[in-house]
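Before any comments, here is the structure.
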Amino acid sequence: MSSQPTIQRTLSKAILKDEVRIKLKIWNTYLTGKLIKFDNYMNLIVKDAKEIYFGRGGKRSKDLGDVFIRGGSIIMIAQDREKLIFAQDDEEKLLHKEESEES
């Protein structure tokens, strides 16, 4: 069974949100912004993107504007309480996990 329908379904939900959080393969780097387009390869166009980096000097952020993110550089996309987690050793394998709601 292909993970492609799951990716498209989840990204279709994410495109409706005001903001998504994207973890990149670059060490401790995240992007946040409004997802506006995606394709079958999980390439993304994000509007009003902000880069957030957590390093030895603490947290730094930088406004980037509109950006194109290549799907191969993405580790995780988070929206609300849902996370998409991609296994490092197999880019085709997609683990979809819903975090439990706290009361």
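Numbering (our numbering), first residue to last: 263 to 365.
Backbone N, C-alpha and C define an ideal beta-carbon position, used for all residues, glycine too.
What is the C-beta distance between residue i and residue j, in whole angstroms, given that I count them as a contact (C-beta under 8 Å)?
i	j	result
D310	K296	6 Å
K312	T294	5 Å
I339	I284	5 Å
Cutting at 6 Å between CB atoms, please list the residues of its own chain near residue i, excluding the five before and the five after it.
i	result
K321	none
L326	A311, E313
G334	none
K279	Q341
In whole angstroms, give me the CA-to-CA distance for residue i and residue j.
i	j	result
I288	G317	12 Å
T272	Y315	25 Å
S274	L286	20 Å
D328	D301	16 Å
L306	G319	29 Å
Please report the residue range of the beta strand (DSSP E) in which residue i lies.
i	result
M304	No beta strand (DSSP E) holds M304; DSSP gives it neither H nor E.
R322	320 to 331
K285	282 to 286
I277	I277 -> no beta strand (DSSP E), and no H or E assigned at all.
Checking 8 Å against the spacing of the C-beta atoms, do residue i and residue j come in under that value?
i	j	result
I337	M304	no
K308	I277	In the sequence as presented, Lys is not what sits at residue 308; that position holds Val. Their beta carbons are not under 8 Å apart, which means V308 does not touch I277 by this criterion.
Excluding sequence positions up to five away, which residues of its chain have a Cβ less than 7 Å from the Cβ of residue i?
i	result
E281	T294, G295, K296
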